[in-house]
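Trainee: Residue numbers (the working numbering): 2 to 275.
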């Protein structure tokens, strides 16, 4: 978490994400990269590259820098190293390029809530960035005066191809001193006995020495409901899920589940790429 990227459109949701990033940065001595991506037509981007003076583009660039100046004066950023980036590229490749260029280790983004991951404040291109991100992405929906994490639900089917995401979850939990609650959801169409489920989870985690966890098998009508209901039952601070890259956020547990999990979760959600 040494380098945190926070994309912003200067909305309330974006500020909520930045406040969380600031709290994490202060605890872990991290740097923040605050990114604003201008939605500019490609022909105008080409014009910028030739250093031509395009009034519309220059106006929006100037407005963005003015907004950054206001944000930099926020008390919650005091004492932090915050890098300002304005990128005239509205494509999801822009976020990916920034991550690679600056060695970003985490992305923290705001979400409008019930409208879902596809309506994340920088638009559908951000959803693609989250889907394809090689680093963990933390989705924030609310304002937190004190963002602390004690209990994390790690929902998985505990197939071997999810082991990389478990390693990432362990690193994240260790950084916060949090407990992982390993969760397998049983449904009528995809059922395992308690013994088989326990054996599968124990085999999955056998390569790791991490001990601060619980094992949970939860029965429900669907995976989404199981994750949400179990998280509510233990009052979890965070839900962790795996993504399969280009298959999208809806595709994990070795299959496809609804994005309703992200849309309906009032808690923060962190995604780890398989």
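Each residue gets a CB set at the ideal place from its N, CA and C atoms; glycine is no exception.
Out of 275, 268, 89, which has the shortest C-alpha to C-alpha gap to residue 36?
Mentor: Out of 275, 268, 89, 89 has the C-alpha closest to the C-alpha of residue 36.
Trainee: Could you name the residues of the same chain whose beta carbon sits closer than 8 angstroms to that of residue 53, not counting the 5 residues immediately before and after it, in chain order?
Mentor: Summary for residue 53: the model assigns pLDDT 49, below 50, so the residue's position carries little reliability, and this model does not support an answer.
Trainee: For residue 32, I'd like the list of residues in its chain whose CB is within less than 6 angstroms of its CB, leaving aside the five on either flank, ordered along the chain.
Mentor: 4, 82, listed in sequence order.
Trainee: For the candidate residues 220, 189, 105, whose alpha-carbon lies nearest to that of residue 8?
Mentor: Of the candidates 220, 189, 105, the one whose C-alpha sits nearest the C-alpha of residue 8 is 105.
Trainee: So, helix, strand or coil for residue 200, using DSSP?
Mentor: Helix at residue 200.
Trainee: Given this structure, state the Cα-to-Cα distance separating residue 80 from residue 29, to the nearest angstrom.
Mentor: Approximately 13 angstroms, taken between the alpha carbons.
Trainee: I'd like the span of the alpha helix (DSSP H) that includes residue 39, first residue to last.
Mentor: No alpha helix (DSSP H) holds residue 39; DSSP gives it neither H nor E.
Trainee: Among 215, 107, 19, which one has its Cα closest to the Cα of residue 185?
Mentor: Per the Cα distances, 215.
Trainee: Within 10 angstroms of the Cβ of residue 60, are there 16 or more other Cβ atoms? Answer buried if so, exposed if not.
Mentor: That one is exposed.
Trainee: Excluding the five sequence neighbours on either side, which residues of its own chain have a C-beta within less than 8 angstroms of the C-beta of residue 108, listed in chain order?
Mentor: These residues qualify, in order along the chain: 5, 6, 7, 8, 96, 100, 130, 131, 134, 136, 137, 138, 139.
Trainee: State the start and end residues of the unbroken alpha helix (DSSP H) segment that holds residue 167.
Mentor: Looking at the DSSP string, the run of the alpha helix (DSSP H) that includes residue 167 is 164 to 177.
Trainee: Do the segment 230 to 245 and the segment 194 to 209 touch if we need at least three Cβ pairs shorter than 8 angstroms?
Mentor: With a cut-off of 8 angstroms, the segment 194 to 209 and the segment 230 to 245 do not count as touching, because too few Cβ pairs lie within range.
Trainee: Out of 26, 244, 152, 74, state which residue places its alpha-carbon closest to the alpha-carbon of residue 183.
Mentor: For the residues 26, 244, 152, 74, the minimum Cα distance to residue 183 belongs to 152.
Trainee: Helix or strand or just coil, what does DSSP make of residue 126?
Mentor: Any reading at residue 126 must be qualified, since the residue scores a pLDDT of 46, below 50, and its modelled position is unreliable; the value itself is stated next. Helix at residue 126.
Trainee: Let me confirm a value: residue 202 is counted as buried when at least 16 other C-beta atoms fall within 10 Å, else exposed. Which label applies?
Mentor: By the neighbour-count rule (16 or more Cβ atoms within 10 Å), residue 202 is buried.
Trainee: Measure the C-alpha to C-alpha separation of residue 111 and residue 192 and round it to an integer number of angstroms.
Mentor: The straight-line gap from Cα to Cα measures roughly 35 angstroms.
Trainee: Nearest CA to the CA of residue 68: which residue from 11, 147, 225?
Mentor: Selected option, being the one with the closest Cα: 11.
Trainee: Pick out whichever of 75, 147, 155, 241 has its Cα sitting closest to the Cα of residue 217.
Mentor: When each option's Cα is compared against that of residue 217, the closest is 155.
Trainee: Tell me whether residue 136 sits in a helix, a strand or coil according to DSSP, three-state version.
Mentor: Reduced to three states, the DSSP call for residue 136 is coil.
Trainee: Rank 219, 267, 73 by C-alpha distance to the C-alpha of residue 157 and give the top, closest one.
Mentor: When only C-alpha atoms are compared, the closest one is 219.
Trainee: To which residues does DSSP link residue 148 through a beta bridge?
Mentor: Residue 148 pairs with nothing; no bridge assigned.
Trainee: What did DSSP end up calling residue 32 once you bin it into helix, strand or coil?
Mentor: Looking at residue 32 - three-state DSSP - the assignment turns out to be strand.
Trainee: Spell out the partners DSSP gives residue 180 in its beta bridges.
Mentor: In DSSP, residue 180 forms a bridge with 152.
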